[in-house]
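Trainee: Dumping the structure here so I can ask a few things about it.
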Amino acid sequence: MENKKRSFLSKPGVASVLTAFIGVIVLMVIFAMMNPNFIKRNNLMSLARSICPYLLVGIGQGIVCITGNIDLSIGSVLGMSAMISATLVCNGMNVILAIIIDLIACLLVGLSNGVLVGKFKLPPFIGTLGTMTICRGIAQLVNNNYNTGDIGTGGLKDLFRDTFYYGRVGYVYYGVVICLIIWAIFWYLMSYTATGRHIYAIGSNVDAARLSGVDVFKTTTTAYVISAFCSFMAGLITMAAAGMGSMQAGMSYEMYGVAAAVIGGISTLGGSGLLVGVIAGASVWAILQNGLTLANVPVAMRNIIIGIIVVACVLFDIMRRSGMIGAKKKAA
Amino acid sequence: MSDYVVTMEHVTKTFPGVKALDDVQLHLLPGRVMALLGENGAGKSTLMKILSGVYTRDSGDITIFGQKIEGDLNTKQAQALGVAIIHQELNMCQHLTVAANMFLGREITKGGRLDNAEMNRQAVEQLAKLGIHDLDPEESVGNLTVGRQQMVEIAKALLINAKVLVMDEPSSSLSNAEIVEMFRIVRELKAMGTAIVYISHRLQELHHIVDDVTIMRDGKYITEGKFEDFTMDQIIANMVGHEVKNQFPRETVPKGKKILEVKHLNAGKMVKDVSFEVFEGEVLGFSGLVGAGRTETMRAIFGADRKDGGEILLDGKPLEITNPGSSIRHGVVLAPEDRKKEGLCTKLTIRDNIALPNLDIITAGSLTGKINRKIENEMIEKGKSSLTIKMSGADAEAGSLSGGNQQKVVVAKWLARQSRVIIFDEPTRGIDVAAKVEIYDIINELKKHGVGVIIVSSELPEVMGISDRIIVMCNGRITGEVDPRHTSEEEIMTYATQFGDHAAAS
């Protein structure tokens with residue numbers, strides 16, 4: 343009955359990832375037909391760059407979702423990252439030092455989330471709702487409740503803007519390259535290391551994982567720290583793009599992260615999903631924004647369409663899951 | 007005789023208010039299967055949880071492989087000493103592969119990278135030792151049958167060099183073919199010299215694999231010996247004991263006309279072709295082992311679970327029950343097994359709880375759906391006086407009441423509307439003796455008013471003492487019907503363990 347060679351398609355999660363990538367292609371064809379400018383080289387270049395923040399928050403939220411939790415602080419950490427780095431640079435601090443301080447602050451938030459959820463067993467929705475509010479407050483506090491001015495030019499500041507946003511190699515912006523490298527690192531972690539396997543295990547059955555000797559607290563915290571790191575990077579990209587820090591940066595990005603993860607086939611119920619799907623998920627999100635704009639769809643309509651697509655994806659995921667359970671029971 | 011791999015002597019364990027284990031002993035030999043037998047609540051699982059380090063004992067001696075355990079034994083220590091337990095509810099990560107589950111928490115890595123090839127190889131090797139050659143180590147565990155998942159758990163236990171394996175009701179969710187396979191594996195384990203504790207309610211299957219038996223009752227050790235030295239009747243007699251049972255005030259009222267009739271009910275895996283009838287003024291008992299499908303049957307009738315087939319008739323007319331709401335409107339109501347979770351909203355007041363299913367009556371006269379305090383108060387007064395609920399007032403939190411009084415609130419909400427059939431699922435679980443008798447009085451009172459009462463109870467003396475008629479279920483089917491005045495616990499146990507194909511209907 344069982345065939346020796348497993349077909350690629352039968353591997354868990356592959357089907358939903360393929361579906362997501364087919365969705366990307368279909369959307370691109372539709373938008374290209376609606377407005378030929380959509381597939382002009384310049385639009386595709388900036389489209390790829392606009393995927394980056396969604397991809398980063400999607401990676402973070404996706405990994406937290408695989409543990410069976412959620413991270414609501416993502417958007418606020420993004421805003422905090424942008425505000426801290428911009429404020430420090432505006433006050434004359436060396437860009438590299440500012441980034442390091444910013445990084446430490448963001449990772450501390452991830453650590454706190456891990457302690458609250460993993461150690462003190464706060465419901466993740468409540469625990470990270472708290473840190474979300476606190477971090478938005480910090481983003482407002484660092485520059486006395488003002489957005490920062492322009493970070494200025496020259497030396498490291500130009501290098502910073504180029505690296506994270508404006509510079510490119512060939513037709514690809516550096517930012518895209520950086521994001522893909524980050525993605526590759528976490529893809530490796532999730533697919534090929536014991537830590538990754540523990541992340542899947544606690545999302546699948548936390549009791550079984552604990553009884554097998556998995557450190558649930560450490561694993562949960564790792565996921566939240568990764569998520570905070572991704573938000574930190576997305577914050578730097580946002581800041582480099584604007585050349586300043588905005589207190590509103592990253593508003594609702596935790597939800598964009600959920601959307602990217604879910605469209606890419608990661609279940610919000612934990613235990614399953616492949617990180618490669620997030621690339622498709624983030625792309626769908628960015629393409630919809632870009633394509634609907636080019637097609638002159640009003641903002642309000644855009645939001646409604648995108649919302650419907652997200653709900654449809656989650657509904658599909660739940661139906662697929664219950665179908666899987668039904669199949670198992672039949673076999674028993 | 008120090009061939010024993012495990013000895014437990016004078017083990018005692020007390021939980022708040024209950025002596026779960028009282029001077030219990032257990033002796034395990036390598037390469038032999040010890041059946042640990044007793045009714046639900048006899049203390050088998052507690053004893054095994056102590057052996058595997060989940061619970062700590064209050065007193066008593068435990069020796070594992072000649073090593074006397076000083077102080078508390080924790081799960082890690084127990085595992086290191088080679089004790090593994092296969093839980094009744096399998097503990098696996100459904101999304102992970104077979105090999106990933108077997109190596110969870112002790113993954114093999116090469117330079118920080120998972121060595122899947124090696125883990126797959128060892129998983130296959132381990133499974134082969136159990137005679138399983140056709141299981142793909144890369145298959146997700148969630149895609150396997152329950153039987154196969156159990157094999158994976160056993161293989162996982164062997165991987166950590168388990169020398170003592172506790173199997174808690176391993177056959178309860180397996181098909182017949184899977185049970186044969188599981189027996190074969192148990193024999194393999196025996197040949198390897200593993201000591202096995204086998205907990206099962208299926209007495210008929212024991213002779214296939216069991217070497218020794220230990221029998222427990224009410225937290226006490228009763229006897230042990232070689233399996234062949236016991237007859238089945240002796241085993242059952244030792245399990246159920248012989249206390250007299252007459253603290254049950256059964257009152258007989260003339261049986262009225264037929265109220266409820268269930269025909270060929272099927273629902274899920276646990277309810278198979280169930281048919282029975284209930285009459286006015288009758289208490290119909292449902293007996294059987296835990297997991298026999300009694301609760302599932304009642305939930306399906308009440309509309310809490312989906313029905314796959316069958317008919318329900320009230321006063322001879324077919325009833326369309328699709329959800330609890332429709333069932334309640336027809337007067338067929340359920341006092342569920344788990345009072346705190348399903349019977350009451352414990353954070354709401356007594357008043358709110360009684361009113362909740364009766365809001366249709368309470369708001370009946372009002373256009374805006376306003377709650378009519380007068381009707382509500384009448385309802386609560388009625389409940390209070392007929393049930394003697396002890397309470398500071400109707401506005402106390404339902405969760406603050408004792409178990410017995412909580413049960414009365416559950417009953418009160420069904421008395422407030424003219425319920426025809428009241429189903430009680432384990433009505434006296436966790437309730438002290440005095441309150442139990444009060445519940446029995448209520449049931450007798452309901453009888454006198456012509457209500458049809460169904461009682462699901464795992465306590466044999468209770469179901470025999472209070473019912474007018476008893477239906478016994480096993481494995482989702484009705485396996486027998488007895489008259490409690492002319493039956494014995496032994497007879498009921500025989501029906502309750504009738505797993506085979508010859509499920510003789512009465």
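Note that the protein sequences, when read in sequence, are chains A and B. Numbering of the first sequence is given in the working numbering, commencing with residue 343 and proceeding in unit increments. Numbering of the second sequence is given in the working numbering, commencing with residue 7 and proceeding in unit increments. Backbone N, C-alpha and C fix where the C-beta goes; we use that ideal spot for every residue, glycine too. Just so you know, these numbers come straight off a predicted model, no measurement behind them.
1. Which residues, taken in chain order from the stretch 538-561 of chain A, show a beta carbon closer than 7 Å to some beta carbon of chain B?
2. Taking only three categories from DSSP, how would you classify B:Glu-403?
3. For the stretch 89-110 of chain B, which residues have a CB atom closer than 7 Å to at least one CB atom of chain A, in sequence order?
4. Quick one: which unbroken alpha helix (DSSP H) runs of 4-plus residues sit fully inside the stretch 103-141 of chain B? Chain order, please.
5. Which same chain residues end up closer than 6 Å to A:Ala-673 when comparing Cβ atoms and leaving out the 5 residues on each side of it in sequence?
6. Please determine, among B:Asn-450, B:Asp-431 and B:Asp-489, the residue with the shortest C-alpha to C-alpha distance to B:Pro-342.
7. Report the three-state DSSP secondary structure of A:Cys-448 (helix, strand or coil).
8. So who's on the other strand from B:Ser-293, going by DSSP bridges?
9. Measure the C-alpha to C-alpha separation of A:Met-370 and B:Val-60 and round it to an integer number of angstroms.
10. Assuming B:Gly-117 contacts B:Arg-190 under a Cβ cut-off of 8 Å, what Cβ separation, rounded to an integer in Å, is found between them?
11. Counting Cβ pairs closer than 8 Å, one from the stretch 462-482 of chain B and one from the stretch 323-339 of chain B, do we hit at least three?
12. Looking only at DSSP bridge pairs, what is B:Met-222 linked to?
13. Contact check, B:Ile-221 vs B:Asn-244 under 8 Å by CB: the rounded distance?
14. Since B:Gly-315 sits in a beta bridge, which residues does DSSP pair it with?
15. 9 Å is my cut-off, CB to CB: does A:Ile-660 come that close to chain B?
16. So the beta strand (DSSP E) B:Gln-210 belongs to, where does it begin and stop?
17. Quick check: is the beta carbon of A:Ala-536 nearer than 9 Å to any beta carbon in chain B?
18. Using a Cβ-Cβ distance cut-off of 9 Å, determine whether B:Thr-301 contacts chain A.
19. Nearest by alpha-carbon distance to B:Leu-319: which of B:Lys-313, B:Ile-428 and B:Ile-327 is it?
20. Could you tell me which of A:Cys-432, A:Leu-471 and A:Met-375 sits nearest to A:Val-419, measuring between CA atoms?
21. In the structure shown, what three-state DSSP assignment does B:Val-11 receive?
22. Starting from the C-beta of A:Ala-570, find all residues in its chain whose C-beta is less than 6 Å away, skip the five residues before and the five after it, and write them out in chain order.
23. Taking DSSP's pairing of strands, which residues face B:Pro-324 in a bridge?
24. In three-state DSSP terms, what is A:Met-586?
25. Any C-beta of chain A sitting closer than 9 Å to the C-beta of B:Ser-146?
26. Pull up the distance between the alpha-carbon of A:Ile-667 and that of A:Ser-358, whole angstroms please.
27. Going by the DSSP bridge assignment, what does B:Val-172 pair with across the sheet?
28. How big is the Cα-Cα spacing for A:Ile-442 and B:Gln-83?
29. Quick check on this structure: which residue in B:Tyr-446, B:Gly-409, B:Asp-489 and B:Leu-43 has the alpha carbon closest to the alpha carbon of B:Arg-256?
30. I'd like to confirm the pairing. Which residues does DSSP put opposite B:Lys-232 in its beta bridges?
31. Mind checking who B:Ala-341 pairs with in its DSSP beta bridge?
32. Would you call the stretch 87-107 of chain B in contact with the stretch 142-150 of chain B, where contact means no fewer than 3 C-beta pairs closer than 8 Å?
33. Let me see if you follow: with CB-CB separation under 9 Å, is B:Arg-491 close to chain A or not?
34. State the beta-bridge partners of A:Thr-711 as determined by DSSP.
35. Cα separation between B:Lys-388 and B:Met-499?
36. Whole angstroms is fine: what's the gap from A:Val-406's alpha carbon to A:Gly-592's?
Mentor: Reading off the structure:
1. For the stretch 538-561 of chain A, which is checked against every Cβ of chain B, the residues closer than 7 Å are Arg-539, Tyr-542, Ala-543, Ser-546, Asn-547, Asp-549, Ala-550, Ala-551, Leu-553, Ser-554, Gly-555 and Val-556.
2. The sequence position of residue 403 of chain B within the second sequence is 397, counting from 1. In the structure shown, B:Glu-403 sits in a strand (DSSP, three-state: E or B).
3. Flagged, chain order: Asn-97, Met-98, Cys-99, Gln-100, His-101, Leu-102, Ala-106 and Leu-110.
4. As far as the stretch 103-141 of chain B is concerned, its whole alpha helix (DSSP H) runs of at least 4 residues are 104-108 and 122-135.
5. Numbered from 1 along the first sequence, position 331 holds the residue referred to as residue 673 of chain A. In this predicted model, A:Ala-673 has a pLDDT of only 34, less than 50, meaning its place in the structure is not dependable; the value taken from the coordinates is given anyway. Counting only Cβ-Cβ distances below 6 Å, and skipping sequence neighbours, we find nothing.
6. Counting from 1 along the second sequence, the entry for residue 342 of chain B is found at position 336. The residue with the shortest Cα to Cα distance from B:Pro-342 is B:Asp-431.
7. Position 106 of the first sequence, counting from 1, holds the residue named residue 448 of chain A. The answer is helix: DSSP assigns A:Cys-448 an H, G or I state.
8. Stepping through the second sequence from its first residue, residue 293 of chain B is reached at position 287. For B:Ser-293, DSSP records a beta bridge to B:Val-478.
9. Taking the first sequence and counting its residues from 1, one reaches residue 370 of chain A at position 28. Taking the second sequence and counting its residues from 1, one reaches residue 60 of chain B at position 54. Distance from the CA of A:Met-370 to the CA of B:Val-60, rounded to the nearest whole angstrom, comes to 56 Å.
10. The sequence position of residue 117 of chain B within the second sequence is 111, counting from 1. The sequence position of residue 190 of chain B within the second sequence is 184, counting from 1. Actually they are not in contact, since the Cβ atoms of B:Gly-117 and B:Arg-190 sit about 40 Å apart, beyond 8 Å.
11. Not touching, per the Cβ criterion.
12. As a first step, residue 222 of chain B is located in the second sequence; it is residue number 216 there, counting from the start. In DSSP, B:Met-222 forms a bridge with B:Tyr-227.
13. Start at 1 with the first residue of the second sequence, and residue 221 of chain B comes out as number 215. Start at 1 with the first residue of the second sequence, and residue 244 of chain B comes out as number 238. Going by Cβ atoms, the distance from B:Ile-221 to B:Asn-244 rounds to 4 Å, so yes, they are a contact pair.
14. Translated into positions along the second sequence, residue 315 of chain B becomes position 309. In DSSP, B:Gly-315 forms a bridge with B:Asn-272.
15. Position 318 of the first sequence, counting from 1, holds the residue named residue 660 of chain A. Not one chain B Cβ lies under 9 Å of A:Ile-660.
16. Within the second sequence, residue 210 of chain B is the residue found at index 204, counting from 1. Counted as a single uninterrupted DSSP element, the stretch harbouring B:Gln-210 is not any beta strand (DSSP E), since DSSP gives it neither H nor E.
17. By one-based count along the first sequence, residue 536 of chain A stands at place 194. Interface residue, yes.
18. In the second sequence, the residue the question calls residue 301 of chain B occupies position 295. False, the Cβ-Cβ gap to chain A never drops below 9 Å.
19. Position 313 of the second sequence, counted from the start, is the residue given in the question as residue 319 of chain B. For the residues B:Lys-313, B:Ile-428 and B:Ile-327, the minimum Cα distance to B:Leu-319 belongs to B:Ile-327.
20. Within the first sequence, residue 419 of chain A is the residue found at index 77, counting from 1. Checked all of A:Cys-432, A:Leu-471 and A:Met-375; the closest Cα to A:Val-419 is A:Leu-471.
21. Mapped onto the second sequence, residue 11 of chain B falls at position 5. Correct three-state label for B:Val-11: coil.
22. Numbered from 1 along the first sequence, position 228 holds the residue referred to as residue 570 of chain A. The answer, listed in chain order, is Val-419, Cys-448, Leu-449, Val-451 and Gly-452.
23. In the second sequence, residue 324 of chain B corresponds to position 318, counting from 1. By DSSP's assignment, B:Pro-324 forms a beta bridge with B:Leu-319.
24. For the purposes of this step, residue 586 of chain A is identified with residue 244 of the first sequence, where counting begins at 1. Here A:Met-586 sits in coil by DSSP.
25. In the second sequence, the residue the question calls residue 146 of chain B occupies position 140. Yes, B:Ser-146 counts as interfacial toward chain A.
26. Locating residue 667 of chain A in the first sequence gives position 325, counting from the first residue. Locating residue 358 of chain A in the first sequence gives position 16, counting from the first residue. Confidence is the limiting factor: at A:Ile-667 the pLDDT is only 43, short of 50, which leaves the residue's position unreliable, though a coordinate-based value still follows. Their backbone Cα atoms lie some 17 Å apart in a straight line.
27. As a working mapping, residue 172 of chain B is identified with position 166 in the second sequence. The secondary-structure analysis by DSSP pairs B:Val-172 across a beta bridge with B:Ile-91 and B:Val-203.
28. Translated into positions along the first sequence, residue 442 of chain A becomes position 100. Translated into positions along the second sequence, residue 83 of chain B becomes position 77. A:Ile-442 and B:Gln-83 have their alpha carbons spaced roughly 44 Å apart.
29. For this step, residue 256 of chain B is matched to residue 250 along the second sequence. Cα-wise, what sits closest to B:Arg-256 is B:Tyr-446.
30. Taking the second sequence and counting its residues from 1, the one referred to as residue 232 of chain B is at position 226. Per DSSP, B:Asp-218.
31. Locating residue 341 of chain B in the second sequence gives position 335, where the first residue counts as 1. In the DSSP output, where bridge partners are listed per residue, B:Ala-341 has B:Phe-430.
32. Yes, the stretch 87-107 of chain B touches the stretch 142-150 of chain B.
33. Stepping through the second sequence from its first residue, residue 491 of chain B is reached at position 485. False, the Cβ-Cβ gap to chain A never drops below 9 Å.
34. Residue 711 of chain A falls outside the range modelled here, since chain A spans only 343 to 674, and no answer is possible.
35. Working through the second sequence from its first residue, we reach residue 388 of chain B at position 382. Working through the second sequence from its first residue, we reach residue 499 of chain B at position 493. Those two C-alpha atoms are separated by around 40 Å.
36. Position 64 of the first sequence holds residue 406 of chain A. Position 250 of the first sequence holds residue 592 of chain A. Distance between the alpha carbons of A:Val-406 and A:Gly-592: 18 Å.
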